[in-house]
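Following: one structure in structure tokens, then a few remarks.
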Amino acid sequence: MAEASPAAANAELLEWPKKDKRRLLHAVYRVGDLDRTIKFYTECFGMKLLRKRDVPEEKYSNAFLGFGPEQSHFVVELTYNYGVTSYDIGTGFGHFAIATEDVYKLVENIRAKGGNVTREPGPVKGGTTHIAFVKDPDGYIFELIQRGPTPEPLCQVMLRVGDLGRSIKFYEKALGMKLLRTVDKPEYKYTLAMLGYAEEDQTTVLELTYNYGVTEYTKGNAYAQVAISTDDVYKSAEVVNLVTQELGGKITRQPGSIPGLNTKITSFVDPDGWKTVLVDNEDFLKEIQSE
137 MAEASPAAAN AELLEWPKKD KRRLLHAVYR VGDLDRTIKF YTECFGMKLL RKRDVPEEKY
197 SNAFLGFGPE QSHFVVELTY NYGVTSYDIG TGFGHFAIAT EDVYKLVENI RAKGGNVTRE
257 PGPVKGGTTH IAFVKDPDGY IFELIQRGPT PEPLCQVMLR VGDLGRSIKF YEKALGMKLL
317 RTVDKPEYKY TLAMLGYAEE DQTTVLELTY NYGVTEYTKG NAYAQVAIST DDVYKSAEVV
377 NLVTQELGGK ITRQPGSIPG LNTKITSFVD PDGWKTVLVD NEDFLKEIQS E
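Here the sequence shown is numbered in my numbering, starting from 137 and rising by one per residue.
And the structure:
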């Protein structure tokens, strides 16, 4: 029997992300005082502290917080590096978003707890959705979006990109995400795209924003990456490798187990340098159950 041509083999490989069992697991970023941030997120946003660990030999601690268990919900992974009290967020990272049924009440609570409200709650310009913006103690921005009940209140990670068409293609092909919608606002000189694995009111999405004429942003050293689940890190890495040859970006960690943890991962950066880590589904569940 004749072997499949390279083109046919590649076409078959590119189908894998669409069949794979994927969801956004967590966003990783650095904070200057772990207990201060935990207090802010639990008291102001209503998140739960899910787990916390200290790794003195590596000189860091981290904490996982979210609105539900890691087995089913997107969470934030906060990292505190011993002795480092502040970070540069850069110009490329945008915000996280939290969905709430009453944005006015949530803002009232955040203000009462001493939180920094940077945009008062109210309808978006030219729209009907009511939103607000607040800053956490490290300067990370959170958009608060009023919407009906949702299984996933921690609903967006917004990143700025230099070529929206290229980024959409990259996340569709490399990660099997669906383009949910695009919004062009020529009066404000930006276009954005929402991408994810389910509809926006059901899941966490990536919001990619292109500001007219801006092709590069500074990354800073604060925001690190998002993690996404996969049933096969090796096959997923093959797909990413193929897509980076066409669109840019590169694999930064070849697929394999993390020493001492046995969780299989692979990581890569997209054409703008934003990092994603793909994590083996079964290994991830074993890891969180063992802690």
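Positions of the beta carbon are idealized from the N, C-alpha and C atoms, including for glycine. Values in this document were obtained by computation on a predicted structure and should not be read as measured data.
Nonlocal neighbours in the same chain, by C-beta distance under 8 Å from residue i, ignoring five residues either side
i, result
"L295", "G228, F229, G230, L342, E343, L344, T345, D408 and W410"
"V243", "V253, E256, P257, A268, V270 and L280"
"K157", "S365, T366, D367 and N417"
"R302", "L383, G384 and P407"
"A147", "none"
"Q338", "T286, P287 and E288"
"K241", "none"
Residues of its chain near residue i, where Cβ-Cβ distance is below 7 Å and the 5 sequence neighbours each way are ignored
i, result
"A235", "I281, R283, T286, P289 and C291"
"V379", "F306, K309 and A310"
"G385", "F306, F404, V405, D406 and P407"
"K371", "W152"
"L397", "E423"
"G312", "P153, K154, D156 and R158"
"L170", "S197, A199, L214 and Y216"
"M330", "L316, R317, E336, V341 and E343"
"K249", "E179 and C180"
"L300", "T327, A329, L344 and Y346"
Sheet register partners of residue i (DSSP bridge)
i, result
"K386", "V405"
"G202", "K184 and V211"
"S365", "V415"
"S393", "K400"
"A164", "First, the residue type needs correcting, since residue 164 is Val and not Ala in the sequence shown. For V164, which the question treats as bridged, DSSP gives the partners E213 and Q361."
"A115", "There is simply no residue 115 to check, as the chain begins at 137 and stops at 427 in what is shown."
"G332", "K314"
"L465", "Residue 465 cannot be examined here, being either before or after the span of the chain that is shown, 137 to 427."
"Y348", "Paired residues: none, contrary to the question."
"D190", "S197"
"F229", "L295"
CB contact check: residue i to chain B, cutoff 7 Å
i, result
"D337", "Here chain B cannot be found, since the structure has a single protein chain."
Cβ neighbours of residue i in the same chain (closer than 6 Å, five flanking residues each side left out)
i, result
"A233", "E279, I281, C291 and Q292"
"V164", "E213, A360 and Q361"
"N347", "Y326"
"Q207", "none"
"D419", "T399 and K400"
"G226", "T354, K355 and G356"
"R166", "T215, Y223 and A358"
"V239", "P257, H266, A268, L280 and Q282"
"I246", "C180 and V270"
"S141", "none"
Whether residue i touches residue j by CB criterion (7 Å)
i, j, result
"V415", "I394", "no"
"T215", "G168", "no"
"V405", "T388", "yes"
"I304", "L160", "no"
"G298", "E352", "yes"
"H266", "V211", "no"
"C180", "G251", "yes"
"P391", "V369", "yes"
"Y218", "K195", "yes"
Contact test: residue i Cβ vs the ligand ADP heavy atom, cutoff 6 Å
i, result
"I174", "No copy of the ligand ADP appears in this structure; indeed no ligand is present at all."
Given 8 Å, three or more beta-carbon pairs between the segment 270-285 and the segment 186-200:
Taking 8 Å as the limit for Cβ pairs, the verdict is that the segment 186-200 does not touch the segment 270-285.
Evaluate contact between the segment 333-340 and the segment 349-356, counting only Cβ atoms and requiring at least three cross-stretch pairs below 8 Å.
no
With three or more C-beta pairs closer than 8 Å as the rule, is the segment 362-376 touching the segment 143-157?
yes
Which runs of the beta strand (DSSP E) spanning at least 3 residues fall entirely within the segment 266-323, listed in chain order?
266-271, 277-282, 290-296 and 314-321
Taking 8 Å as the cut-off, does the segment 193-207 touch the segment 316-329 (at least 3 CB pairs, one atom from each stretch)?
no
Counting only runs of 4+ residues fully inside the segment 234-265, write out the alpha helix (DSSP H) ranges in chain order.
239-248
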